[in-house]
Amino acid sequence: MNIIRNAEVNGRLVDIAFDDKIRQISFKYLDGDFENIYDLEGKLLIPGGIDPHVHFNQPGFAQREDFATGSASAIAGGVTTVIDMPCTSLPPITSVDNYENKYNVIKNTSYVDFAFWGGITGDGYDKKTVEKLWEHGVVGFKLYTISGMDTYKATPYNLLKQIFGDFGGSDKLFAFHAEDARTIANATSEFTPEQLTKWENYVPSRPSEAEITAVKRVIKSMQSNKIHFVHISTKGAAKSILEAKKSGKDISFETCPHYLQFTKEDYEHLLGRLKTAPSVKDEADKSFLRDNLGKIDFLATDHAGCIWETEKDLQDFSKVYCGIPGVQTFLQYVVDEFYLSGKTSYGELVRLTSEGAAKRYGLYPRKGALEIGADADFAVFDTNKSHLMKKEDLLCKGKYSPFEGRKFGCSLAQTFLRGKLIYDGFLLEDRVHGQLLKREK
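In our numbering, the protein residues as written are 1347 to 1787.
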């Protein structure tokens, strides 16, 4: 048995006794014969973070990211669980065979625990295959209303209605990258190829209306289904989702740190470091998401790095890869920007960074909880020690970030995964022992 002493949890100092699970939590001194004693001296402790939206790209696109580098970056950011998307693997996780292939490639390489999304594409839908993947423990199914990947086709709205009909009333969860293809095609047609090479025309070519339209069409198509919207970037889309939730529909949504921090004006100095799909938008969109953080189900990063020199640092903005690394800066940003500033309570901090995703994806209370019997996953932050974010510190393959140069008012001190200290100011590289997680309910 191990013990953490003097951890700050919700404004109070606590002792936590644990092996791989949390065994005791006390606001008083815990006596006992402990193998390892970690005195945090008042440092902030939260459950290990959950990033429910990462692209670790292996197998298939491992030149951009693999599970070893992506998960190392996660653990160095206090994230102890990731849920990997099905689309940036070859083959994509659209069948049990592909699921098993992915697992066999990455097993024994991850520093963090991990779960998988299943996938449904526009050219490969089969009801029985979806059923089998669900039985295999995926947390849900990812669909695109627009896709830039030849290996993962978008799902047309008419097929989406069939899918919703096939699974009406079931507990299966369907998640959407929601941007309307026709809206984007029409907007893009207003620009010449030369104009599209300029950063100034990226957001106008992929406007807010695309997300708003797709969200409304998906909501209108759903029957008695469970759905989730990933990386929401606009006020209009968020309002539509919140209105649908009020009406009783089983809908959740996430946003990402870059939508809470940046706007399209930041492209002028950040350029490719900020390019994602969907893009950051206007100040009104950012402000609405920040003002309604308490109504957002949880946060995610959409971690999707690439190689800076060949895919980001390009003169032609239309050819710049859409994706940024985020898993290592995720918790530090939220702790600094919202918790330490007093904008978010301790409980809200936990909900946004672990508990909310764990509950939605069937991993709670094993993950996302500080309670007896939960996995002993902890992220420890020194709130008296600032940290300057430098690209050289990133452990992922993509050495770039829109947060580069930011001075965070806290620093990650330690990360524990199922009771083992994995990060202690540096990565303990001999401790690769992440486990596959399957949806529990």
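The beta carbon of each residue, even a glycine, is placed where N, CA and C say it ideally should be.
Cα-Cα separation, residue i to residue j
| i | j | result |
| --- | --- | --- |
| asparagine 1348 | glycine 1378 | 10 Å |
| leucine 1519 | glycine 1465 | 11 Å |
| arginine 1410 | glycine 1744 | 7 Å |
| threonine 1467 | lysine 1499 | 5 Å |
| glycine 1401 | threonine 1434 | Per the sequence presented here, residue 1401 reads as histidine, with glycine not at that position. Rounded to whole angstroms, histidine 1401 to threonine 1434 spans 6 Å at the Cα level. |
| valine 1626 | glutamine 1541 | 19 Å |
| glycine 1395 | glutamate 1381 | 25 Å |
| threonine 1497 | leucine 1436 | 8 Å |
| lysine 1705 | arginine 1697 | 9 Å |
| isoleucine 1368 | isoleucine 1362 | 7 Å |
| asparagine 1403 | asparagine 1454 | 16 Å |
| threonine 1475 | lysine 1507 | 18 Å |
| alanine 1583 | glutamate 1557 | 6 Å |
| leucine 1695 | methionine 1495 | 34 Å |
| isoleucine 1452 | phenylalanine 1462 | 12 Å |
| leucine 1489 | threonine 1529 | 18 Å |
| glutamate 1611 | lysine 1389 | 36 Å |
| serine 1535 | serine 1633 | 30 Å |
Of the residues the options, the one placed nearest residue i, counting alpha carbons only
| i | options | result |
| --- | --- | --- |
| aspartate 1662 | Asp1648, Ala1461, Trp1545 and Pro1398 | Trp1545 |
| tyrosine 1608 | Thr1534, Glu1683, Ser1567 and Asn1571 | It is phenylalanine, not tyrosine, that sits at residue 1608 in the sequence shown. When only C-alpha atoms are compared, the closest one is Glu1683. |
| alanine 1759 | Phe1749, Glu1775, Val1726 and Lys1737 | Val1726 |
| lysine 1689 | Leu1606, Ser1493, Ser1579 and Lys1367 | Leu1606 |
| methionine 1735 | Pro1398, Thr1415, Glu1600 and Gly1423 | Gly1423 |
| glutamate 1477 | Val1458, Phe1462 and Asp1512 | Asp1512 |
| aspartate 1472 | Met1431, Asn1532, Leu1391 and Phe1510 | Phe1510 |
| phenylalanine 1407 | Cys1602, Ala1650 and Gly1751 | Ala1650 |
| tyrosine 1449 | Lys1374, Leu1489, Ala1556 and Pro1405 | Pro1405 |
| phenylalanine 1487 | Met1431, Ser1633, Val1564 and Tyr1692 | Met1431 |
| threonine 1427 | Asp1776, Gly1751, Glu1750 and Ser1700 | Ser1700 |
| threonine 1538 | Tyr1692, Phe1754, Ser1747 and Ser1664 | Ser1664 |
| phenylalanine 1522 | Phe1599, Asp1612 and Gly1470 | Phe1599 |
| glycine 1771 | Thr1656, Arg1752 and Lys1731 | Lys1731 |
| leucine 1505 | Lys1658, Asp1469, Thr1580 and Tyr1445 | Asp1469 |
| tyrosine 1692 | Leu1391, Lys1374 and Ile1371 | Leu1391 |
| histidine 1399 | Leu1774, Asp1628, Ala1703 and Asp1612 | Ala1703 |
| aspartate 1412 | Cys1652, Trp1480, Asn1447 and Ser1687 | Cys1652 |
Cβ distance (whole Å) where residue i is taken to contact residue j below 8 Å
| i | j | result |
| --- | --- | --- |
| threonine 1491 | alanine 1590 | About 16 Å separates the two Cβ atoms, so there is no contact after all. |
| tyrosine 1707 | valine 1485 | 4 Å |
| cysteine 1742 | glutamine 1674 | 7 Å |
| glycine 1780 | serine 1456 | 3 Å |
| threonine 1645 | valine 1680 | First, the residue type needs correcting, since residue 1645 is leucine and not threonine in the sequence shown. About 7 Å separates the two Cβ atoms, so the contact holds. |
| lysine 1784 | glycine 1483 | 3 Å |
| aspartate 1648 | serine 1554 | Aspartate 1648 to serine 1554, Cβ: 18 Å. No contact. |
| tyrosine 1384 | isoleucine 1429 | The pair is not a contact, with the Cβ atoms about 28 Å apart (cut-off 8 Å). |
| aspartate 1728 | serine 1757 | 5 Å |
| alanine 1353 | leucine 1386 | 5 Å |
| leucine 1660 | proline 1748 | In fact, because the Cβ distance is near 16 Å, the residues do not count as touching under 8 Å. |
| alanine 1524 | phenylalanine 1575 | 6 Å |
| valine 1425 | aspartate 1397 | 5 Å |
| lysine 1562 | serine 1586 | 5 Å |
Using 8 Å as the cut-off, can you tell me whether the region 1666-1674 makes contact with the region 1603-1622, which would need three or more C-beta pairs spanning the two stretches below that distance? yes
Taking 8 Å as the threshold, find out whether the region 1713-1727 comes into contact with the region 1757-1768 through three or more Cβ pairs. Three or more pairs of CB atoms, one per stretch, sit closer than 8 Å, so the region 1713-1727 contacts the region 1757-1768.
Fully enclosed by the region 1692-1718, which alpha helix (DSSP H) runs are 4 residues long or longer? Within the region 1692-1718, complete alpha helix (DSSP H) segments of at least 4 residues are found at 1692-1696 and 1702-1706, given in chain order.
Does the structure place the region 1347-1366 close enough to the region 1637-1644 that three or more beta carbon pairs sit under 8 Å? no
Is it true that the region 1560-1580 meets the region 1589-1597, where meeting means three or more beta-carbon pairs spaced less than 8 Å apart? yes
Would the region 1436-1449 count as touching the region 1704-1719 if we require 3 or more Cβ pairs under 8 Å? no
Curious, which full-length alpha helix (DSSP H) runs of at least 4 residues does the region 1421-1456 contain? 1442-1452
Let me know the alpha helix (DSSP H) ranges lying completely inside the region 1576-1617, each 4 residues or longer, listed in chain order. 1581-1592, 1603-1607 and 1613-1616
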